[in-house]
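Just so we're aligned, residue 36 is where the sequence shown starts under my numbering, counting upward by one.
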Amino acid sequence: MSTHGDGFTSSTAALAAGRIHLHEIGTGEPLVFVHGFGVNSRLWTETARQLSESHRCILPELPFGSHPEAMKPDADLSPPGAARILADLLAALDLERVTVVANDSGGAISQILVTRHPERISRLVLTNCDAFEDFPPAAFKLLVKAMRVPVLPDLVANSLRLELAQRSPLAYGALSNERLPSELLDSWVRPQIEDKAVRRDAAKFGGGMDPRHTLEAAKRLAGLAIPVLLAWGEDDRFFKLSLAERLHDVIPDSRLVRIPDAVTFVSLDQPARLAAEIAAFVAAKPVSAAAA
Numbered sequence: 036m037s038t039h040g041d042g043f044t045s046s047t048a049a050l051a052a053g054r055i056h057l058h059e060i061g062t063g064e065p066l067v068f069v070h071g072f073g074v075n076s077r078l079w080t081e082t083a084r085q086l087s088e089s090h091r092c093i094l095p096e097l098p099f100g101s102h103p104e105a106m107k108p109d110a111d112l113s114p115p116g117a118a119r120i121l122a123d124l125l126a127a128l129d130l131e132r133v134t135v136v137a138n139d140s141g142g143a144i145s146q147i148l149v150t151r152h153p154e155r156i157s158r159l160v161l162t163n164c165d166a167f168e169d170f171p172p173a174a175f176k177l178l179v180k181a182m183r184v185p186v187l188p189d190l191v192a193n194s195l196r197l198e199l200a201q202r203s204p205l206a207y208g209a210l211s212n213e214r215l216p217s218e219l220l221d222s223w224v225r226p227q228i229e230d231k232a233v234r235r236d237a238a239k240f241g242g243g244m245d246p247r248h249t250l251e252a253a254k255r256l257a258g259l260a261i262p263v264l265l266a267w268g269e270d271d272r273f274f275k276l277s278l279a280e281r282l283h284d285v286i287p288d289s290r291l292v293r294i295p296d297a298v299t300f301v302s303l304d305q306p307a308r309l310a311a312e313i314a315a316f317v318a319a320k321p322v323s324a325a326a327a
């Protein structure tokens with residue numbers, strides 16, 4: 036049984052950058068769920084479970100600091116490099132006509148993905164995430180700078196040994212309305228604390244965040260040929276609704292759905308509502324129409 040519970044199967048995919056662990060549930064059109072920095076794929080467990088009756092839900096553990104196995108030392112974990120890893124993963128799994136569902140910094144990577152490597156992707160769902168000048172948002176800019184300084188990533192990781200620190204507003208405390216289970220928080224911080232190579236990966240990815248990447252992607256979003264759902268927690272203080280409205284204005288075929296009583300981690304605050312919106316979006320935008 037995987038960390039996601041009953042019904043999920045686990046496997047790995049060997050890529051040029053290293054080995055990616057992933058979990059799956061369900062059959063049907065593929066949905067690939069992209070988490071952000073400092074969390075793992077359990078961000079999506081309940082949303083994927085609710086979609087699994089009609090969709091093949093694939094939840095990779097991406098090398099963003101909470102992954103179970105470090106990448107190769109020379110792996111490119113810059114934002115464009117992370118997007119390339121996602122593209123390579125879709126190819127390794129022989130996936131076509133994929134719907135990508137993303138959150139937080141994973142949303143920034145997914146914007147780069149669909150504008151640079153769109154070949155296998157038919158739809159995009161962005162929940163609260165980095166975009167435009169906010170990569171990262173202002174509250175986390177000092178953390179990103181710390182990731183670029185030798186030794187400081189070790190100090191940051193070890194500071195998260197205490198649950199009080201994990202629940203602070205500068206860690207995970209303000210990213211969900213619901214009080215997150217201690218065991219879930221532990222699964223997010225433990226890999227960085229215990230594995231120096233995972234800590235190295237986290238520093239490479241986190242330290243590489245820069246608005247130039249999202250601003251470049253934003254220029255290309257105006258020419259995006261696939262439909263996009265913006266499913267946004269409307270109470271988020273980091274990724275405000277105005278950010279989603281700007282994306283909506285830029286992306287030609289986009290729909291903005293405001294999700295009440297939710298902040299950054301929409302999939303934890305409102306998993307059933309998010310799953311329903313994704314299912315309705317996929318049904319309303321069949322692949323043949325998206326391709327046309």
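C-beta atoms are modelled at their ideal positions from N, C-alpha and C, and glycine is treated no differently. Model, not experiment: these values are computed from the prediction.
Taking Val285 as reference, the option from Phe316, Phe274, Leu250, Ala297 with the minimal CA-CA separation is Leu250.
If you ignore the 5 residues before and after Gln227, its C-beta comes within less than 6 Å of the C-beta of Gly100, Ala192, Val233, Arg234, Ala237, all in its own chain and listed in chain order. Per the coordinates, the alpha-carbon of Gly53 lies some 19 Å from the alpha-carbon of Gly73. Selection Gln146, Leu66, Glu88, Leu86 evaluated against Lys254 yields Gln146 as nearest (Cα-Cα).
The three-state reading of DSSP puts Ala209 in coil, since its state is none of H, G, I, E or B. Under the three-state reduction of DSSP output, Ile55 falls in the strand class. By the neighbour-count criterion, in which a residue is buried when 16 or more other Cβ atoms sit within 10 angstroms of its Cβ, Pro287 is exposed.
Approximately 20 Å separates the beta-carbon atoms of Ala266 and Thr150; this is outside 8 Å, ruling out the contact.
Nearest to Leu303 by alpha-carbon distance, out of Lys239, Ala105, Ile144, Asn138, is Asn138. In this structure, DSSP gives Phe99 a state outside helix and strand, which the three-state scheme calls coil. Between the beta-carbon of Val263 and that of Leu159 there is about 5 Å, and that keeps the pair under the 8 Å contact cut.
Spatial neighbours of Val224 in its own chain (CB-CB distance under 7 Å, excluding positions within 5 residues in sequence) are listed in chain order as Leu195, Gln201. The C-beta of Pro216 has fewer than 16 other C-beta atoms within 10 Å across all chains shown, which makes the residue exposed.
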